[in-house]
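Colleague: I am attaching a structure below and will ask some questions about it afterwards.
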Amino acid sequence: MTVLLDIKNIETYYGPVMAIRGVSMQVAEGQIVSLLGANGAGKTTVLKTISGAMDPQKGMVSYAGEAIQGKDPDWVARQGIAHVPEGREVFPFLNVDENLRMGAFSRHDGDIQADIEMVYDYFPVLKTLIKSQAVNLSGGQQQMLAIGRALMLRPRLMLLDEPSLGLSPKLVQEIAEIIRRLNTEQAVTVLLVEQNAKMALEVGDYGYVMEVGRIVMEDSCERLRDATDIQEFYLGMKDQGVRGRRRWKQRKTWR
Amino acid sequence: MEVFQLIISGVSQGCVYGLIALGFVLIYKATEMVNFAQGDIMMLGAYVGITFISIWDWPFWWALPATIGVMALVGVVLERLLLRPMIGEPHFAVLMLTIGLGFVLRAIAGAIWGNEPRALPTPYVGEVLELGSAVIGYENIAIIAGTAVLCLCMWLFFRFSRLGIAMQAASQNQLAAFYVGIPVKRMYSLVWALSAAIAGVAGILTAPVSLVDPLIGFVGIKAFAAAIVGGFGSMPGAIIGGLLIGLVEQFAGLYLPPGFSDMSAYVLLLVMLLVRPQGLFATMQKKKV
Ligand SMILES: Nc1ncnc2c1ncn2[C@@H]1O[C@H](COP(=O)(O)OP(=O)(O)O)[C@@H](O)[C@H]1O
Ligand SMILES: [Mg+2]
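Sequence order for the protein chains is A and B. So for the first sequence, this note's numbering puts the first residue at 9; every next one is plus one. So for the second sequence, this note's numbering puts the first residue at 10; every next one is plus one.
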């Protein structure tokens, strides 16, 4: 099993605020790795540090054996890392077709049209919306567009930031299924960030759990599903323990 | 037919405002910076054209593309040297920088080309078209036709070319543009190249009508008003705003006491800000950075 993404001890700051406090993790080629954690744990910041939107103060991010920390995000994307950011960042006033073509901006091969058709195979609903501006799509459709646009890069590694956020349970299942299919059919390695632990643990091969900027637990997703901590804090299978109440007392929603 | 003639000169002056306003809008949409030197870049374009045509004696139709090229290069150099290091600095700092840039450009132009007004001879200078009782100078027709052609090219570029769509993408959602691999910083250089080139065209078009001196860049203030009237963020709005101001000026000059003509642009701006503060073509676009 070759390691595609190797993160060593990164520390990332927002100004004086230390959001990532020494995180190390590995993503093996061909796997789906889930990164769990409550809101504010630092999951998004980890992804931003990988894709170059933020530079770590310390530590190393190596991708396919090459150090990529501190590089510009467009350069990182052209190396084959597609980041699907939190909140469906589509190009609002471009239509669906143009959004997808922009996903292939760095490509100069002749297969772009074929890949657009492939995206429509995965997300048939997008095909009916080709000429619609992205801003007019529903949340679920925008999420599909964002994932489809990332596919157009022909990525080797896809970073998915809370793709299930705000979607109906049925759509969440659909997205989960798509992630699985992309992994097997397109051989895309996936780093999946989720607050929806149930979905992330079902889909993932291996998982990491983050709390306030640190990795506090890692294991195969199968074993994480059985771990009592996870069941209590993330799957909501028991009442919150003392620890849960103390740490999350301001929290009003629970996914 | 006096009204018809007024409309023609209003529209042609408005085209110049509109083209400079287009430069404001392009840069603002892409980088959220306001380039107050836009008018002075137009002035520089006029002098570059004069250098090619009256000093080096190039034929007009060579001088035009050469001026466009030189000005595009000027835009890239300005962006790389001055603006890129300012990414992340407060907006007022960038504002002060571009205002300062205007002073520097005026000083440079005065040093190179002198402060006395110069004329730009063109193949069509002095010729007129007689339509009934109306007499229209070819310079004015050239301004209107040139602006129309330029707008058409811009529309085609932004609507259909891969690069144009990528520039739109980068200004609609910068982060997402980075994530799909669009070289966003290079897009900024391109935007500057484009708006400096447009300013250059505006300079060459306006030079035969009004003599050129280092201070002609101050029309940039009226162009800025035009951009706001148009909705500051809309490219068609910039042109329409420019046309409106050009027309209002002409008619104020005819029907109102002397002095009102120069003021009318700002009166229109004030009225606009009171009645419809978002401008004619509001682009209610939430931008994510
Ligand atoms: N733009 C920002 N400026 C300052 N602090 C931020 C910013 N974004 C996130 N943070 C802080 O960094 C920490 C991690 O945030 P984030 O990575 O978004 O967490 P998650 O994605 O797990 O919800 C949080 O404590 C948050 O308050
Ligand atoms: Mg997040």
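Using N, Cα and C, we set each Cβ at its ideal position, and we do this for glycine too.
Would you check whether ligand 1 has a heavy atom nearer than 7 Å to the C-beta of A:G67?
Modeller: no
Colleague: Which full runs of the alpha helix (DSSP H) of 4+ residues lie inside the region 167 to 211 of chain B, going along the chain?
Modeller: 171 to 181 and 183 to 188
Colleague: Based on Cα-Cα distance, which residue from A:I155, A:R189, A:Q77 and A:G215 lies nearest to A:V266?
Modeller: Only positions 9 to 263 of chain A appear in the structure, and residue 266 of chain A is not among them; the question remains open.
Colleague: Flag A:E106 as yes if its beta-carbon sits less than 8 Å from any beta-carbon of chain B, otherwise no.
Modeller: Closer than 8 Å: yes.
Colleague: So which residues touch the region around ligand 4, with touch meaning a C-beta under 6 Å from any heavy atom?
Modeller: What this structure holds is ligand 1 and ligand 2, not ligand 4.
Colleague: Can you tell me whether DSSP reads A:D105 as helix, strand or coil?
Modeller: helix
Colleague: Interface residues of chain B around A:E97 at Cβ under 7 Å?
Modeller: N182, L184, A185 and K297
Colleague: For the beta strand (DSSP E) that A:T197 lies in, which residues bound it at each end?
Modeller: T197 to E202
Colleague: Taking 8 Å as the threshold (beta carbon to beta carbon), is B:G189 in contact with chain A?
Modeller: Checking the displayed sequence, the identity of residue 189 of chain B turns out to be Val instead of Gly. Interface residue, yes.
Colleague: At the level of alpha carbons, what is the spacing between A:R255 and A:N47?
Modeller: Per-residue confidence for A:R255 stands at a pLDDT of 49, beneath the threshold of 50, marking its modelled position as unreliable; the derived number appears in the next sentence. So the alpha carbons of these two residues sit roughly 12 Å apart.
Colleague: Under a three-way DSSP split, which group does A:D247 fall into?
Modeller: Residue placement at A:D247 cannot be trusted, given a pLDDT of 46 that sits under 50; the coordinates are not used to answer.
Colleague: Taking 7 Å as the cut-off, is the beta-carbon of A:D63 closer than that to any non-hydrogen atom of ligand 2?
Modeller: A:D63 has its CB no nearer than 7 Å to any heavy atom of ligand 2.
Colleague: Would the C-beta of A:E170 count as close to ligand 2, meaning under 7 Å from any of its heavy atoms?
Modeller: Between ligand 2 and A:E170, a heavy atom-to-CB distance of less than 7 Å is present.
Colleague: List the residues of chain A whose Cβ lies closer than 7 Å to the Cβ of B:A178, in chain order.
Modeller: F99, L102 and M110
Colleague: Counting Cβ pairs, one atom from each stretch, are 3 or more of them under 8 Å apart for the region 35 to 50 of chain A and the region 177 to 188 of chain B?
Modeller: no
Colleague: Given this structure, state the Cα-to-Cα distance separating A:R253 from B:R89, to the nearest angstrom.
Modeller: Its pLDDT being 45, under 50, A:R253 is placed unreliably by the model, and nothing is read from it.
Colleague: Taking beta-carbon pairs under 8 Å, can you tell me which members of the region 199 to 212 of chain B lie near chain A?
Modeller: Those residues of the region 199 to 212 of chain B that come within reach of chain A (Cβ to Cβ, closer than 8 Å) do not exist; the list is empty.
Colleague: Give, in chain order, every unbroken run of the beta strand (DSSP E) that is at least 3 residues long and sits entirely within the region 154 to 203 of chain A.
Modeller: 165 to 169 and 197 to 202
Colleague: Taking a contact to mean a Cβ-Cβ separation below 8 Å, would you say A:E106 touches B:I174 in this structure?
Modeller: yes
Colleague: Using a C-beta cutoff of 8 Å, does B:A175 count as contacting chain A?
Modeller: With 8 Å as the cut-off, B:A175 counts as an interface residue toward chain A.
Colleague: I'd like to check one pair, A:Q149 with A:V133: are the Cβ atoms closer than 8 Å?
Modeller: yes
Colleague: If distances are taken between C-alpha atoms only, which option among A:A208, A:I138, A:K135 and A:D63 comes closest to A:D169?
Modeller: Closest option to A:D169, Cα to Cα, is A:A208.
Colleague: With burial defined as no fewer than 16 other Cβ atoms inside 10 Å of the residue's Cβ, what is the status of B:G61: buried or exposed?
Modeller: It should be noted that the sequence gives Phe, not Gly, for residue 61 of chain B. Buried: at least 16 other Cβ atoms inside 10 Å.
Colleague: Going by beta carbon distance, what residues of the same chain come within less than 6 Å of B:M196, once the five residues before and after it are set aside?
Modeller: Around B:M196: M176 and A179.
Colleague: Can you tell me whether B:Y275 is buried or exposed? The criterion is at least 16 other CB atoms within 10 Å of its CB, across all chains shown.
Modeller: B:Y275 comes out exposed.
Colleague: Ligand 2 heavy atoms versus the CB of A:E202: any closer than 7 Å?
Modeller: no
Colleague: By a C-beta neighbour count over all protein chains shown, 10 Å radius and 16 as the cutoff for buried, is B:C24 buried or exposed?
Modeller: buried
Colleague: Taking 6 Å as the limit between beta carbons, can you name the residues of its chain near B:G84, skipping five residues before and five after?
Modeller: W201, A202 and A205
Colleague: Beta-carbon separation of B:G246 and B:V210 under 8 Å?
Modeller: no
Colleague: Tell me the residue span of the alpha helix (DSSP H) that contains B:A72.
Modeller: According to the DSSP assignment, B:A72 belongs to the alpha helix (DSSP H) that extends over F69 to L87.
Colleague: Anything in the region 238 to 254 of chain B with a Cβ closer than 7 Å to a Cβ of chain A? List those residues in chain order, please.
Modeller: none
Colleague: DSSP three-state label for A:M62, please.
Modeller: coil
Colleague: Note down, in chain order, every chain A residue with its Cβ under 8 Å from the Cβ of B:V341.
Modeller: Residue 341 of chain B lies beyond the residue range present for chain B, which begins at 10 and ends at 298; the question has no answer from this structure.
Colleague: Between the region 58 to 73 of chain A and the region 213 to 231 of chain A, do at least 3 Cβ pairs fall closer than 8 Å?
Modeller: The region 58 to 73 of chain A is not in contact with the region 213 to 231 of chain A.
Colleague: Could you check whether the Cβ of A:E94 sits closer than 7 Å to any heavy atom belonging to ligand 2?
Modeller: For ligand 2, at least one heavy atom lies less than 7 Å from the Cβ of A:E94.
Colleague: Going along chain A, which residues have a C-beta under 7 Å from B:V193?
Modeller: Listed along chain A, the residues sitting closer than 7 Å to B:V193 by beta-carbon distance are D82.
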